[in-house]
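These protein sequence lines are chains A and B, in that order. When we follow the numbering used here, the leftmost residue of the first sequence carries the number 525, and every step to the right adds one. When we follow the numbering used here, the leftmost residue of the second sequence carries the number 6, and every step to the right adds one. Below is one structure, written out as structure tokens; the observations come after it.
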Amino acid sequence: MRTEPGPVAAGTDDIVISDQTDLIRVRKALRAQARSAGLGLVDETKLITAGSELARNILKYATGSRGRLRAEQVTADSRRGVRATFTDEGPGIGDVDAALTDGFSTSGGLGLGLPGAQRLVDDLTVTSAPGSGTTVVIEKWRR
Amino acid sequence: MTGEAGPVMQIGDTLLVSLQGDLDDITVVRIEEHLTREVARTGAGGMLIDVSGLSVVDTFIARVLARMVAMVRLLGAEVAVVGIQPAVAITLVELGVPMGDLDTALNAEKGLALLARLRRDGRRRAY
């Protein structure tokens, strides 16, 4: 059951992620982008859930719990999709490979956030180094 | 719309509650505390949680749900989670969230039957 109609097709959404309530804004923006790109309900749900995990990572790890999301439409070979870029100026990830492994956590969580998000999207790229922040880009394409 | 727990209804000694909308972390923790208290206050023997109004359940929300079920069981009540949307179920399994401990049913009617069975036969023999 879809409880609310998504906003009308927006090219790009930029959202500051700085507290709990921004999780809702992140999900809403990704829902709007997913619908603009014509993703099915399952793919929409996966994209939003992955984004929710990544936004929570920012609140949990980034300096001053601050980051941003840019969500946009992408096309390639006449396929449509959504790209969501999460950036923060936090401490960065020392070992990206480890962070992408199930069960690895420095916060006492389940360690499912990053690897879980990766399973939900078509592509996930992490760019990070200690002290220089983290950028996570996810893409979900229309089937 | 932000998320919320609808009013808690009581049928016999079973509580029914429906979670709706888009839950942020603070809200889901508040719901957890509220419902756990309601079970203690009413002495309910069962609780049915309808999550059909949730279009997104991420690892945090799932973890709090599982935690709430554990708490309510400690209070001596059985819990059934009903109405998980198919897209949410698919997403949770791919995420890898361990939800195997939850007793779930497709809808409220089947959930009530499940609760009755759990309370009659006990947890181990319910399956």
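Note that the Cβ used here is the ideal one computed from N, Cα and C, for glycine as well. All values derive from a computational prediction rather than experimental measurement.
- Closer than 8 Å to the CB of SER629(A) there is not a single CB belonging to chain B.
- For LYS570(A), no pairing in a beta bridge is given by DSSP.
- Within the segment 44 to 61 of chain B, those residues whose Cβ lies closer than 7 Å to any Cβ of chain A are, in chain order, SER57, GLY58, SER60 and VAL61.
- Neighbours of LEU644(A) in chain B, taken as residues at a C-beta separation under 8 Å, are given in chain order as THR96, GLU99 and LEU100.
- Under the DSSP assignment, SER560(A) falls in the alpha helix (DSSP H) whose first and last residues are 546 to 560.
- In the DSSP assignment, MET73(B) falls within the alpha helix (DSSP H) that extends over 64 to 79.
- Between the alpha carbons of ASP601(A) and ALA586(A) lies a distance of about 36 Å.
- Each of LEU638(A), THR611(A) and ASP546(A) was checked against the Cα of ARG592(A), and the nearest Cα belongs to THR611(A).
- Residue contact check for ILE617(A) against chain B: no CB pair falls below 8 Å.
- Under the three-pair Cβ rule at 8 Å, the segment 24 to 35 of chain B does not count as touching the segment 644 to 658 of chain A.
- For ASP126(B), the enclosing alpha helix (DSSP H) starts and ends at 113 to 126.
- In this structure, GLY8(B) sits away from LEU21(B), with a CB-CB distance that is not shorter than 8 Å.
- Boundaries of the beta strand (DSSP E) around ASP55(B): 51 to 58.
- Cα atoms of SER560(A) and GLN597(A): separation of roughly 8 Å, rounded to the nearest angstrom.
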